[in-house]
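Protein sequence lines, in the order shown, are assigned to chains E and W.
The working numbering puts the first sequence at residues 7 to 224.
The working numbering puts the second sequence at residues 1056 to 1451.
Here the structure is laid out as structure tokens; the discussion comes afterwards.
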Amino acid sequence: MLDKSKTAADAGLHQSHRVDHLLIAEMVAPGSRVLDVGCGDGALLQLLADTKAVDGRGMELSRERVNACVARGLSVIQGNADNDLDDYPDQAFDYAVLSLTIQATLKPRDVLVNLLRIGRRAIVSFPNFGHWKIRTDLLFNGRMPRTPNLPEPWYASPDSHLCTIRDFVELCDVLDTVVEEAVAFNSAGRRLPIKKSVTLHNMFGEKAVFRLRRRHHI
Amino acid sequence: MTAKTTAPPIDTARDDIDGDGVTPVMDTVVFTDALDLDNGKTLQPFTIAYNTYGTLNADRSNAILICHALTGDQHVANRNPMTGKPGWWSLLVGPGKPVDTNRFFVICANILGGCQGSTGPASINPETGEAYGLTFPVITIGDMVDAQARLVDHLGIDQLFAVIGGSMGGMQVLEWAARHKERVFAAVPIAAAAWHSSQNIAFHEVGRQAVMADPNWMRGDYLKHGVVPRNGLAVARMAAHITYLSEDALHEKFGRNLQNRTDRTFSFDADFQVESYLRHQGSTFVDRFDANSYLYITRAMDYFDMAAEHGDVLAEAFRGTQSRFCVVSFTSDWLYPTRESREIVQALNAVAANVSFVEIESNAGHDAFLLNEPKFFATMTGFINSCAQKRGLPAA
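Right, here's the structure in full:
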């Protein structure tokens, strides 16, 4: 479990890296094989390569971002988490990572099942729709909440499957998955270990990172 | 610095398409040991004509093999001595280019079955003293690759740093990665496929029938009779050339523009620019290419099906590979569409290979891989540099 008092700022990397990326990097063993699904511009893969000597691969929907990743020397393919994960064999990676992407997939459950099949462990980060600001926004304004994490109006948002931390924990139970580590954090990057109280962290965490594994081996 | 931050570093050097490129070492080597062919026969002896550029390093780890396409040749980065045109891939290969001849030892060989110095149907059969013609064995892409492997042996190179090729060159890259796994550090199949589609076989058959319908083809014995099936081969080239472009590219280049005239002539002259262009393509091609070579090479492409060679499971072709792959396709390429590159990627993923895959946006059709496509060059530069780092080669 991570130390509650330690913040991402302590790492001195917060200026140039996303907090969830730094948390994911801490959850990954050095020298391991990682698949980053929805790898964007490759920032996490680069971080993992630089700090953990990881053998990384990426998948990204946007053609432009894929080109940019390959041009910077990362192994990335153009693909879609909903359709293209079936191609990978079981346990091909030590970790299958989905950072701030699961809420934009068509079938989050199927994607998560695939991640847990492809990777010995899955690491998932997502925006927490249970955060108190979102709750009060909906309660008092009566409109779909818009926050720095969820900036788009409902009709333009790519996030079709938003969930709360509690929702995600429930899905993990349904899939008979062991939560090895779970961290919620706020906009300042201050992290809150979730096991102590899901209720509190579902209220105060803006995003969360979970490291999971299947209870039973394939 | 100005706002110019995203342009690839090779941009400034790329305008010299009309230049002489880089000076190659041109050589031929005769192999007296028989080459075992996929059709069960052997070829003995056989010659490979090849060019090299740059310098092989002390531990022989910086060699890049470039595989040419159907009508290509070994003059990848130097002015072609026969046509006087710049090397066919001088945009990609040369000093300071993505395949940098200042850093890498670049090899490009005329394929087996070709007509630019390597043994092909126009070569003299030592047993008869006459050109092989149709007695030349039907060869495969795999045979071409095995012949190249003999050349790589000859050059004293155990492992190629990279094998790179587009179109049929990409097919050779895939065969290299499948047949000689430990000899390929990085593999770059571009605008290619792991099997030749029915549509592609159909176009090739049109071309072959055009050649064979030419009375000067003489059942393949035209060299003995001192004639050339020019018309047939030109028509074959014209038909094929259409498949290398795209509807958008043709429309943008020619539209319905007339050729040096203000109105239709109500005849079968080349009224339209596109007609004139195709006729020119056909007639210049005949001057540099052997008709029987065209038949044999298109046949080798038609027979190409890597899944069929591995129990109908393409992934089996690559099982155990340690090579790093970069698969490239182009959006407007309908001859080897992105879908077919994706099949290669899926097969590589299925064996957990290290693979990158990019689709480059271009309206130039299949020929895009030969043209000035900055995003393609940026991808190549990035992939090659990262592989060089992994291989322990010095940075650019």
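Note that beta-carbon positions come from the ideal geometry of N, C-alpha and C, so glycine has one too.
Note that the structure is predicted; figures quoted are calculated from it, not measured.
Any C-beta of chain W under 8 Å from that of residue i
i: E/Gly46; result: no
i: E/Leu218; result: no
i: E/Ala77; result: yes
i: E/Asn86; result: no
i: E/Asn120; result: no
i: E/Ser38; result: no
i: E/Arg3; result: Lying outside 7 to 224, the shown extent of chain E, residue 3 of chain E is not represented and no answer is given.
i: E/Tyr161; result: no
i: E/Pro164; result: no
i: E/Asp93; result: yes
i: E/Ala59; result: no
i: E/Asn208; result: no
i: E/Ser22; result: no
i: E/Ala98; result: yes
i: E/Asn73; result: yes
i: E/Val103; result: no
i: E/Ile83; result: yes
C-beta contact flag for residue i and residue j at 8 Å
i: E/Asp88; j: E/Leu112; result: yes
i: W/Val1383; j: W/Thr1434; result: yes
i: E/Val76; j: W/Ser1378; result: no
i: W/Gly1151; j: E/Arg78; result: no
i: W/Thr1393; j: W/Thr1386; result: yes
i: W/Val1207; j: W/Gln1227; result: no
i: W/Ala1291; j: W/Tyr1349; result: yes
i: W/Phe1159; j: W/Asn1133; result: no
i: W/Ala1249; j: W/Ala1362; result: yes
i: W/Asp1276; j: W/Gly1168; result: no
i: W/Leu1125; j: W/Thr1353; result: yes
i: E/Asn147; j: E/Glu212; result: no
i: E/Arg69; j: W/Glu1416; result: yes
i: W/Gln1328; j: W/Asn1312; result: yes
According to DSSP, residues forming a beta bridge with residue i
i: E/Pro133; result: E/Lys213
i: E/Glu70; result: Looking at the DSSP assignment, E/Glu70 forms no beta bridge with any residue, so it has no partner.
i: W/Asp1155; result: W/Gly1149
i: E/Arg197; result: E/Phe191
i: W/Thr1102; result: W/Val1085
i: E/Ser81; result: E/Arg63
i: W/Ile1415; result: W/Phe1385
i: W/Phe1438; result: Beta-bridge pairing links W/Phe1438 to no other residue.
i: E/Ser105; result: E/Ser131
i: W/Thr1097; result: W/Asp1091
i: W/Ala1118; result: W/Phe1160
i: W/Tyr1108; result: W/Val1161
i: W/Ile1245; result: W/Gly1221 and W/Val1383
Chain E within 8 Å of residue i, Cβ atoms only
i: W/Cys1163; result: no
i: W/Val1400; result: yes
i: W/Cys1170; result: no
i: W/Thr1067; result: Only weak support exists for where W/Thr1067 lies, its pLDDT of 33 falling under 50; the value from the coordinates is given anyway. No, its Cβ sits nowhere closer than 8 Å to a Cβ of chain E.
i: W/Ser1441; result: yes
i: W/Gly1437; result: yes
i: W/Lys1430; result: yes
i: W/Ala1372; result: no
i: W/Asn1427; result: no
i: W/Ala1217; result: no
i: W/Val1410; result: yes
Presumed contact (8 Å Cβ cut-off) between residue i and residue j, rounded CB distance
i: W/His1123; j: W/Cys1163; result: 6 Å
i: E/Arg219; j: E/Glu186; result: 6 Å
i: E/His167; j: E/Pro114; result: 5 Å
i: W/Ile1245; j: W/Gly1262; result: So it is not a contact: roughly 22 Å between Cβ atoms.
i: W/Asp1128; j: W/Tyr1299; result: Incorrect: roughly 16 Å between the Cβ atoms, too far for contact.
i: W/Phe1373; j: W/Leu1403; result: 6 Å
i: W/Ala1294; j: W/Phe1321; result: Incorrect: roughly 25 Å between the Cβ atoms, too far for contact.
i: E/Asn208; j: E/Ile171; result: 4 Å
i: W/Ala1346; j: W/Gly1287; result: 7 Å
i: W/Leu1090; j: W/Leu1215; result: Not really, about 19 Å apart at Cβ, beyond 8 Å.
Check: residue i C-beta below 7 Å from any heavy atom of the ligand PLP
i: E/Val117; result: Of the ligands one can find in the structure shown there are none, so the ligand PLP has no counterpart to examine.
Requested in this report: Report yes or no: do the region 1427-1446 of chain W and the region 1238-1247 of chain W share at least 3 C-beta pairs separated by less than 8 Å?
Outcome: Counting C-beta pairs closer than 8 Å gives three or more between the region 1427-1446 of chain W and the region 1238-1247 of chain W, which meets the contact rule.
Query raised in the report: Are at least three pairs of beta-carbons, each pair with one atom in the region 1248-1267 of chain W and one in the region 1163-1182 of chain W, less than 8 Å apart?
Result: Fewer than three beta-carbon pairs drawn from the region 1248-1267 of chain W and the region 1163-1182 of chain W are found closer than 8 Å, and the two stretches are therefore not classed as touching.
Report task. Report yes or no: do the region 1084-1098 of chain W and the region 1187-1196 of chain W share at least 3 C-beta pairs separated by less than 8 Å? Result -> Taking 8 Å as the limit for Cβ pairs, the verdict is that the region 1187-1196 of chain W does touch the region 1084-1098 of chain W.
Query raised in the report: How about the region 121-130 of chain E and the region 101-108 of chain E: do they share at least three Cβ pairs that are nearer than 8 Å?
Result: Touching, per the Cβ criterion.
Query raised in the report: Are three or more beta carbon pairs between the region 1074-1089 of chain W and the region 1100-1111 of chain W nearer than 8 Å?
Result: Counting Cβ pairs under 8 Å, three or more are found: they touch.
Report task. Say whether the region 170-186 of chain E touches the region 206-217 of chain E, bearing in mind that this needs 3 or more beta-carbon pairs closer than 8 Å, one atom from each stretch. Result -> Yes: the two stretches touch, three or more of their Cβ pairs being nearer than 8 Å.
Query - Sufficient close CB pairs (3 or more, under 8 Å) joining the region 1423-1431 of chain W to the region 1306-1314 of chain W - result: Three or more beta-carbon pairs separated by less than 8 Å are not found between the region 1423-1431 of chain W and the region 1306-1314 of chain W, which leaves the two stretches without contact.
Query raised in the report: Are at least three pairs of beta-carbons, each pair with one atom in the region 80-96 of chain E and one in the region 36-55 of chain E, less than 8 Å apart?
Result: As far as the Cβ criterion goes, the region 80-96 of chain E touches the region 36-55 of chain E, which means the pair count is three or higher.
Query raised in the report: Between the region 1264-1284 of chain W and the region 1353-1368 of chain W, do three or more beta carbon pairs fall short of 8 Å?
Result: No: the two stretches stay apart, fewer than three of their Cβ pairs being nearer than 8 Å.
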